[in-house]
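Per the numbering used here, the very first residue in the sequence shown carries number 9; after that it's consecutive. Note that beta-carbon positions come from the ideal geometry of N, C-alpha and C, so glycine has one too.
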Amino acid sequence: MPRDYDFFVLLKGNSLYYDKLSSVPLFRFMLKDDRIALESLFVSLLENTCISVGVPMSSVYEALENDILFAAKGTEFALEQFFSLDLNYYLQVLRNIGSNSIIVMKSSKPEQLLRLMAKLMDLKMTKNEKIWVLHDTDVAIFASAHEGYLVISGSRTALLKAIDAYDLEQLQMKSEEPAVRELLNQSAWLYGFFKRDTLRLKGPFVSTNDVDTEYVTILGVPSGESLKIEVRQQLRSATGMEKYVSSATGMLGMPFIGNFAFSATAAGPMDLADSLSQWFQGAQDEVKKIYEIVSYILKSSTGRVYMTGDLFGDQIRLVTIFELSKDLDLSFLIKYGARSFGNEIRLPIMDGFLSFFQSDRRLIMTNMSKAQYDTVANRRRVRDDVTYQYISRNYAGQDILRLFVDVGSLLRAMLGINAVGKFFLTQQFDGQSFVYRMEVM
């Protein structure tokens with residue numbers, strides 16, 4: 009990687025780790041199960057294309073089974089956009105590769121591999137001296153072979169710069185970034201390094217964009233029955249960050265409704281009010297109204313905030329539970345249009361409502377009635393999920409947030425077929441950095 013590049017993502021030893029990845033229940037289901045069989049679909053598509061172009065499959069396997077690098081400067085990288093089950097998505101990424109971006113892969117037959125790429129992207133291919141160009145009227149992709157590798161870029165300048173960096177160690181990123189050297193010395197399948205704020209990770213529960221960042225590293229390795237990924241966000245200033253850490257043990261007694269359970273420190277570093285309000289559907293002014301309500305409730309909250317519900321379905325159930333530090337008079341909801349319904353207060357939104365009611369020192373906000381909530385809340389608790397118990401015992405009992413998703417249940421709701429899979433995420437504070445640890449089973 010050229011030393012002035014902003015980030016890189018490296019997949020190393022793909023042949024070895026693909027077999028291990030296929031042993032993880034979720035990926036085994038997605039790749040091997042006859043009802044989805046993504047592996048067979050992918051191989052069939054490649055075989056048909058290879059036959060039509062006259063390229064042996066061995067050229068493709070050689071590239072996929074070895075290391076693959078993507079690096080760039082002058083742009084952001086969205087982690088959630090890196091993983092896709094659609095081959096056409098990656099072809100579009102390649103077709104639109106930036107002028108300061110490179111892709112590197114192992115290839116002893118680079119011209120064969122490029123002919124295949126040109127076919128898949130419907131591009132013409134020409135060669136000028138040692139550089140191939142894949143092009144049409146509005147696209148130009150440059151490629152060259154060097155020391156057994158195929159280097160691809162969106163510009164001739166970036167292509168030659170990458171080759172120079174390979175030949176001269178002083179031009180490489182690891183020559184001036186100790187964190188890169190330390191990262192690459194570890195044994196893993198997935199590596200990532202991102203300077204400053206070039207990694208964009210912003211989801212409904214997690215965001216790396218709320219604090220000033222020095223750099224971010226990623227390590228991922230499939231082992232046994234799980235894929236473990238660690239994202240380490242080195243902070244420019246960590247003063248006072250320890251206050252965001254709280255005990256997550258109370259999550260065990262939390263109702264587990266639907267297919268996800270989430271908890272976070274009420275006074276955490278992210279905009280929790282924004283994160284929670286986005287889950288409740290409504291027009292923009294209604295979402296703003298919910299944001300203001302949640303912000304007000306958080307001022308009277310302590311410990312953790314809990315959330316559980318459905319990630320997919322015709323009737324999505326959502327529940328947020330606040331631990332109150334003091335009595336909260338719910339009459340403030342009246343000014344937002346809420347009305348009292350016996351022992352609950354309902355706020356109309358879209359075609360439904362949000363219900364608010366208290367239980368001891370807890371305030372519940374849900375899109376179900378109190379009677380419906382009381383019925384489903386007692387059916388299952390987080391502690392009843394054996395996989396959560398198994399995974400969580402390997403992580404610290406205190407953190408900033410944690411998320412558990414029953415992916416098998418989610419896939420059943422989406423696809424209507426029995427599936428397996430679990431996802432666990434925790435955010436911790438480690439002296440000078442936020443550490444996100446993910447595990448997929």
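DSSP state of residue i mapped onto helix, strand, coil
i: Ala246; result: coil
i: Ser333; result: coil
i: Ser115; result: coil
i: Gln323; result: coil
i: Glu238; result: strand
i: Lys169; result: helix
i: Lys135; result: strand
i: Met259; result: helix
i: Ala404; result: coil
i: Thr383; result: helix
i: Phe37; result: helix
i: Arg43; result: coil
i: Pro186; result: helix
CA-to-CA distance, residue j to residue i, given in whole angstroms
i: Leu124; j: Tyr157; result: 16 Å
i: Tyr444; j: Leu433; result: 7 Å
i: Leu46; j: Asn96; result: 14 Å
i: Phe437; j: Met181; result: 27 Å
i: Glu233; j: Ile342; result: 51 Å
i: Leu453; j: Val63; result: Nothing about residue 453 can be reported from this structure: the residues present for the chain run from 9 to 449 only.
i: Arg208; j: Glu84; result: 7 Å
i: Arg387; j: Ser254; result: 27 Å
i: Ile59; j: Trp197; result: 31 Å
i: Phe50; j: Leu24; result: 19 Å
i: Gln241; j: Asp205; result: 10 Å
i: Gln286; j: Val295; result: 7 Å
i: Glu73; j: Gly21; result: 7 Å
i: Phe365; j: Ile160; result: 59 Å
i: Pro10; j: Phe340; result: 57 Å
i: Gln194; j: Glu238; result: 12 Å
i: Gln323; j: Gly424; result: 15 Å
i: Asn267; j: Ser116; result: 46 Å
i: Tyr66; j: Tyr26; result: This sequence places Ser at residue 66; Tyr is not what is there. Rounded to the nearest angstrom, the two C-alpha atoms are 17 Å apart.
i: Met262; j: Lys132; result: 58 Å
i: Gly5; j: Glu190; result: Coverage of the chain is limited to positions 9 through 449, which leaves residue 5 absent and any answer about it impossible.
i: Asp382; j: Val327; result: 11 Å
i: Lys127; j: Asp94; result: 17 Å
i: Leu235; j: Ser48; result: 22 Å
i: Asp337; j: Tyr304; result: 11 Å
i: Gly321; j: Arg420; result: 10 Å
Where residue i falls, given that 16 or more other Cβ within 10 Å makes a residue buried
i: Ser111; result: Per the sequence presented here, residue 111 reads as Ile, with Ser not at that position. Buried, by the Cβ-count rule.
i: Lys334; result: exposed
i: Ile353; result: buried
i: Glu155; result: exposed
i: Ser417; result: buried
i: Pro186; result: exposed
i: Tyr461; result: Nothing about residue 461 can be reported from this structure: the residues present for the chain run from 9 to 449 only.
i: Arg312; result: buried
i: Asn351; result: exposed
i: Thr374; result: buried
i: Asn3; result: Outside the shown range of the chain, which is 9 to 449, sits residue 3, and nothing can be said about it.
i: Val394; result: exposed
i: Gln100; result: exposed
i: Gln435; result: buried
i: Asn108; result: buried
Continuous beta strand (DSSP E) stretch holding residue i: start and end
i: Gly200; result: Leu198 to Lys203
i: Gln352; result: Looking at the sequence shown, residue 352 is not Gln but Glu. Where Glu352 is concerned, the enclosing beta strand (DSSP E) stretches over Glu352 to Ile357.
i: Tyr314; result: Ser309 to Gly317
i: Val147; result: Element bounds for Val147: n/a, residue is neither H nor E.
i: Val224; result: Thr221 to Ser231
i: Ala272; result: Phe268 to Thr273
i: Arg410; result: Leu409 to Val413
i: Leu158; result: Tyr157 to Ser161
Start-to-end residues for the alpha helix (DSSP H) that takes in residue i
i: Gln366; result: Element bounds for Gln366: not the alpha helix (DSSP H) but the beta strand (DSSP E), Gly360 to Ser367.
i: Ser60; result: Leu46 to Val61
i: Ala427; result: Careful: Ala427 lies outside any alpha helix (DSSP H) and carries neither H nor E.
i: Lys343; result: Run containing Lys343: none; DSSP gives neither H nor E here.
i: Met65; result: Met65 to Glu73
i: Val394; result: Val394 to Ser400
i: Val302; result: Gln292 to Leu306
i: Thr206; result: Taken as a continuous stretch (DSSP letters only), Thr206 belongs to no alpha helix (DSSP H), as it is neither H nor E.
i: Leu77; result: Looking at the DSSP string, Leu77 is not in any alpha helix (DSSP H); the run it does join, the beta strand (DSSP E), is Ile76 to Ala80.
i: Tyr252; result: Premise fails: Tyr252 is in no alpha helix (DSSP H) and is neither H nor E.
i: Tyr97; result: Leu95 to Arg103
### Query
So does the region 51-66 actually touch the region 167-181, counting three or more Cβ pairs closer than 8 Å?
Contact between the region 51-66 and the region 167-181 is absent, because fewer than three Cβ pairs lie under 8 Å.
### Message
Count Cβ pairs between the region 220-230 and the region 276-284 that sit closer than 8 Å; are there 3 or more?
### Response
No: fewer than three Cβ pairs fall under 8 Å.
### Query
With a cut-off of 8 Å, do at least 3 Cβ pairs link the region 354-374 to the region 394-407?
Contact fails: fewer than three Cβ-Cβ distances are below 8 Å.
### Touch test, the region 346-360 against the region 410-430, Cβ-Cβ under 8 Å, three pairs minimum
Judged by Cβ distances under 8 Å, the region 346-360 makes no contact with the region 410-430, as fewer than three pairs qualify.
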